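So the protein sequences, as listed, match chains A, B and C. Here the working numbering is used: the first sequence runs in plain steps of one and ends on residue 181. Here the working numbering is used: the second sequence runs in plain steps of one and ends on residue 1438. Here the working numbering is used: the third sequence runs in plain steps of one and ends on residue 1237. We treat Cβ as the ideally placed atom computed from N, Cα and C, and that holds for glycine. In this text the structure is predicted, and so the values were computed from the model without any measurement. One structure is given here, and the rest of the page talks about it.
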Amino acid sequence: MLREILAHYNYWIVIVLMMTGFYIVVSRGNLVKKLVGLNIFQTSVFLLYISMGKVAGGSAPILDPDIKVYANPLPHVLILTAIVVGVATTALGLALVVRIREAYGTIEEDELDLMDDEA
Amino acid sequence: MSGEWLILGAVGLPLLASLLIWLTGGSPNQRETVTLAAAVTLFVIVGSMLPLQLAGAPLRVELLSPVPGVAIAFEVEPLGMTFACVASFLWIVNSVFSIGYMRGNDEPRQTRFYVCFAIALGSTMGLAFAENLFTLFLCYESLTLSTYPLVTHHKNDEARRSGRTYLALLLGTSVVLLLPAIIATWVLTGSLSFEAGGIMAGKVSPLVGGILLLVFMYGIGKAALMPMHRWLPAAMVAPTPVSALLHAVAVVKAGVFTVVKVTVYIFGLDYLRELATADLVLYLAGFTIITASVIALRQDNLKRRLAYSTVSQLSYVILAALILSPLSTMGALLHIAVHAFGKITLFMAAGAIYTAAHKTEVSQLAGIGRRMPWTMGAFAVGALSMIGVPPAAGFLSKWYMLLGALQVEQFFAVAVIVVSTLLNAAYFLPIVHAAFLKPEASGGQEPTGPGHGEAPLPIVLALVTTAAGTLLLFLFPGPALELANMLVGR
Amino acid sequence: MSGLAAHLPALQVVVPLFAAPLCLLAGRAGLAWLIVFVASCLATATAAGLAYQTFQHGTLSYPLGGWAAPWGIEYVVDTANAFILLLVSAISTVVLMYAPASVDREIRQGRRHLFYCMFALCLTGLLGIAITGDAFNVFVFLEISSLSSYALIALGGHRKALTASFQYLVMGTIGATFFLIGVGLLYMMTGTLNMADLQARIPAIQDSRPVLAAFAFITVGLALKAALFPLHLWLPNAYAYAPNVVSAFIAATATKVSLYVLLRFTFTIFGAKFAFLDLPLHWVLLVPAVIAMFAGSFSAIFQRDVKRMLAYSSVAQIGYIVLGIALSSAAGVAAALIHIFNHGLMKAALFCALGCIFHRIGSVRLEAMAGLGREMPWTMAALVAGGFSLLGVPLTAGFISKWYLIEAAFEAGLWWLVVLVVLSSMLAVVYVWRLLEALYFKPVPEGRAAVAEAPLSMLLPTLLLAAANIYFGLDTRLPVEMAQSAATILIREQIW
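And the structure:
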């Protein structure tokens, strides 16, 4: 039982990271912290993909007569794309935070809500 | 070939006229010439269909079908023919009356009034000739929408409030109940066409059919089955010509016309006998007749009294349709025509009184018969027709209803008809009595002076015509009876 | 097929994709608009060509870059996504016709060419989602369209556009990531990302926990993107504060494309048996859909900002679409697709008409719009046509949607559902009526100068969309036939 749990340690890390990130997004009012949470959340998925491509004892998929076992490169390539998307999302999110700060003078969610109710 | 064009002409002409009326709005004379010309032409078109119809020639036209199998199509059949004849003839009379009334009372926004009126008539024609429930539903809704501006004509708070009731009840019932009932019919039978003998027999279980019947009856809000009748008194805030043609003829008749259409051509009389709720609807109609008559008794406002009388008379048609004997179905058809003539006369008389004397309450009418003999004479004829006394045509329809009811031993219906006749007499005869026999109430310190006389000529002309029509319909019921015979396939 | 015709699937995405950097290079608003407009016209023509080809030859497969599936990315075009492609590109073209005057009014000079660049990217993303036959590729295009729409929404005039966009960004990213997790789990179990391969391999392992988890993640992720109640919270603000052109485009297309992906995954890849018989997707979709119908319409009644009103109405309308999906019959899916099409038309028409109003009076609040009926008769005519279509008045496109939806519900034997659909439509009557009452029956507010009709370049596309609402209420062959054939293609196993 314990063995089985420990054997899948990569998934446990993924789940913990995912929930941590998700919790931060939901619970933090600071917009930058929300983005940090979002990043952790996405990173957990990157790890999920990367770890699933790993084959025990496998090497990088390079054509070489000495190498018999390869790791699956496809998830790694996929996640490269997802990382790019993640970077773009973070950049856009941070840009929005800057603009929000310029327009409102704060990046705390509760304060933002109050300010627009008055307006 | 020509038949198709006649139908399209009948439906399209009022719509074309509305456009012309809008364009000639700047000049009242031109505008009213267009209205009158359109009304006369429409009557000629509809009239020319009558011989074709009596000869049994099929008159049918299909335009397009948004959903496969559900087309916008028109077909002439006896019931629709009767309705169209009555409505188009009364449009002429009512146009004459409108001109007198609207000018006599200096009403604002007259162009809008005539435009909406013409659109309402076009919808009525479409409704009368609808070949299937879908087309009928479209015309039904467009009739509601085109009469809404007429009800709110005065644009004051009362008009707006009444308008909201009007729209909410008519649109509400039709969208919430009628439309789903139509779609259910479509799903269950695969057809929406009006066919002799109905389309439901053998396809819909009596239980579902019974529920559908109730949904249809309450979905057709224009038929004013209680408690869906409140829009009709509310609509009385409109100028009298609107009440006269639309809320005594076109709109309300559209309601009961739809009821008869649905009972005869969708359910079919034989199938209805299997339904448990057919009797229930009959009782509801009976209840409406009696209750509305009692309410009418207590109304002092003349137009409101007439409105409740209309609610009661409409349920006659529903009652007659659900007695489920061919004779009473004939009575239903006749009553649509007969009540139209009688009630429009009464409304126009009310309008005449308002125009000439600015009186709106029943209690103010003592002695008015001597000042306005023609008006009150016509009123008396109309009242007799409502009660159903010969030589007014109202007798005819009640006679057939009673015969039908006795034939199938539907004694509840017989009792309702008898009691309501007494009630009708009780709320109409005192008006006639007071108008002719009571002395005019002296208005306090104000000298009676020269006072008012008869209403303007167009008004008098119009109401005398319809009163005469009521009598003529009794004396020469030939074509109407022939259509009624065709309806029940005799 | 030879020559250009054979490469239409690639061109469908590549043309708008290349328009985006060209806009950047153009640097001027006028030129950028022209580039995107031409690209959008070409995309519409391509979509029409593809639709025609699917009618002629059935499903088309296009290996991107010559790499055959399942190694390469495959573009697959059948009637179902040809329908969506046509809708998205056609709406985009009409909205772009409308855009210049509106953009000049609402977006600062110097940013306008960037606006068009983002628009092109958003269009690329939406078209890509629809056309691709590769699950991971869906994610990529989903993010392309989402990222560009966050930017587009943030360009709105009010500062609340920024917070709305941020909120959308957070929720959208979570949705997309959920989808990504689901796709990852599927890949783990099947070793493929190609949709056709997934479809073939899933049945053997469908009871394994990762597949169940994948299904849940994908459904929730897409429901978030599609703004299904209660995951709709990002939508009202995003639609309300975006520039009018963006509201019109996104409201008409973005959520629809997500719903299409949902259809594709549930009915084609996982299969209706798995989703509706083994798992309770029926109730999972039905209950939120019904609540959305009521909650959306009910919230719309209390809005004084008409764009927000329409945004809440979108929540309700998405409920109708999902309801069709939840019925899980061919008739239900066809009804959903028909409503996807018709709702796109009506919301585009309505938002465009509101844009015209905003262009003239600088506000779309009910009280500011009072009495406009007389001053902007044509815009109002479009608004009325769109509003009637929203209600489902006969002879409008909306009626056709309701007709097929109710018919499908009857067919499934769910009478009570019919009652609910009808009752919720009555709520729509209330808010549309409030709008009409303000426009036609309320006096002009004091101090408002005389208002002229909107400029022709905005008015004509608006009227075109309004006319489409009427036209597709009369001649329903195109949407209905495509939707019905699409439904049979999407549903690989009938369960009823």
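- For Val76/A, the uninterrupted alpha helix (DSSP H) run begins and ends at Tyr71 to Ser89, by DSSP.
- Inter-residue distance for Leu805/C and Ile814/C is about 6 Å (C-alpha atoms, whole angstroms).
- Here Cys1093/C is near Tyr839/C, since their CB atoms are less than 8 Å apart.
- DSSP places Ala1021/B inside the beta strand (DSSP E), whose first and last residues are Val1018 to Glu1023.
- For Gly155/A, the chain C residues whose C-beta falls within less than 9 Å of its own C-beta are Tyr891, Phe907, Leu910, Val911 and Thr914, listed in chain order.
- With a cutoff of 8 Å on beta-carbon distance, Ser1368/B and Phe1295/B are scored as not near each other.
- Between Ala1297/B and Phe1327/B, the beta carbon gap of about 4 Å places them in contact (Cβ cut-off 8 Å).
- In the three-state scheme derived from DSSP, where H, G and I count as helix and E and B as strand, Ser1036/B is classed as helix.
- For the pair Phe860/C and Gly869/C, the CB atoms are not nearer than the 8 Å cut-off.
- One Cα belongs to Leu1219/C, the other to Ile1237/B, and the distance between them is close to 50 Å.
- Scanning chain B for C-beta atoms nearer than 8 Å to the C-beta of Leu1219/C yields nothing, as the closest lies near 12 Å away.
- Between the C-alpha atoms of Ala954/C and Leu926/C there is a straight-line separation of about 8 Å.
- Taking the CA atoms as reference points, Val1056/C sits about 25 Å from Leu100/A.
- Residue state for Ser906/C is assigned as helix, using DSSP reduced to three classes.
- Contact check for Gly1330/B against Ala1383/B fails: the beta carbons are separated by 8 Å or more.
- The C-beta separation of Ile894/C from Ala979/C comes to about 5 Å, placing the pair in contact by the 8 Å criterion.
- Fewer than three beta-carbon pairs drawn from the segment 1078 to 1096 of chain B and the segment 1148 to 1164 of chain B are found closer than 8 Å, and the two stretches are therefore not classed as touching.
- Only those residues of the segment 997 to 1017 of chain B whose C-beta falls short of 7 Å from the nearest C-beta of chain C are listed: Leu1012, Pro1014 and Val1015.
- Around the beta carbon of Gln908/C, 16 or more other beta carbons sit within 10 angstroms, so the residue counts as buried.
- Per DSSP, the unbroken beta strand (DSSP E) holding Ser1013/B starts and ends at Arg1008 to Val1015.
- Rounded to the nearest angstrom, the Cβ distance from Ala1075/C to Leu1206/C is 23 Å, too far for a contact under 8 Å.
- With a 10 Å radius around the Cβ and a threshold of 16 neighbouring Cβ atoms, Ser1153/B comes out exposed.
- Short of 6 Å from the beta carbon of Trp975/C, and not among the five residues preceding or following it, lie these beta carbons of its own chain, in chain order: Gln908, Tyr909 and Met912.
- Beta bridge pairing from DSSP links Thr1100/B with no other residue.
- Shown here for Phe919/C: same chain residues with a beta carbon closer than 8 Å to its own, the five before and five after excluded, namely Phe958, Ile959, Val961, Gly962 and Leu965 in chain order.
- Residue ranges of uninterrupted alpha helix (DSSP H) with 4 or more members, entirely inside the segment 1065 to 1146 of chain B and ordered along the chain, are 1081 to 1099, 1105 to 1121 and 1127 to 1137.
- For Ser802/C, the enclosing beta strand (DSSP E) has its first and last residue at Leu801 to Pro804.
- Looking at the DSSP output, Val817/C sits in a beta bridge with Ser802/C.
- Around the CB of Ser949/C, fewer than 16 other CB atoms lie within 10 Å, so the residue is classed as exposed.
- Contacts with chain A at 8 Å (Cβ-Cβ) do not include Ile872/C.
- Contact check between the segment 1283 to 1294 of chain B and the segment 1025 to 1035 of chain B: three or more CB pairs, one atom from each, fall below 8 Å, which counts as touching.
- Cα atoms of Leu1069/B and Leu1011/B: separation of roughly 20 Å, rounded to the nearest angstrom.
- Taking 8 Å as the cut-off, the Cβ atoms of Phe880/C and Leu826/C do not count as close.
- Within chain A, the residues placing a beta-carbon under 7 Å from that of Leu903/C are Leu158, Arg161, Ile162 and Ala165, ordered along the chain.
- Nearest Cα to Trp808/C within the set Ala770/C, Asp875/C and Ile848/C: Asp875/C.
- Of Thr865/C, Trp1156/C and Pro1184/C, the smallest CA-CA separation from Ile1131/B is found for Trp1156/C.
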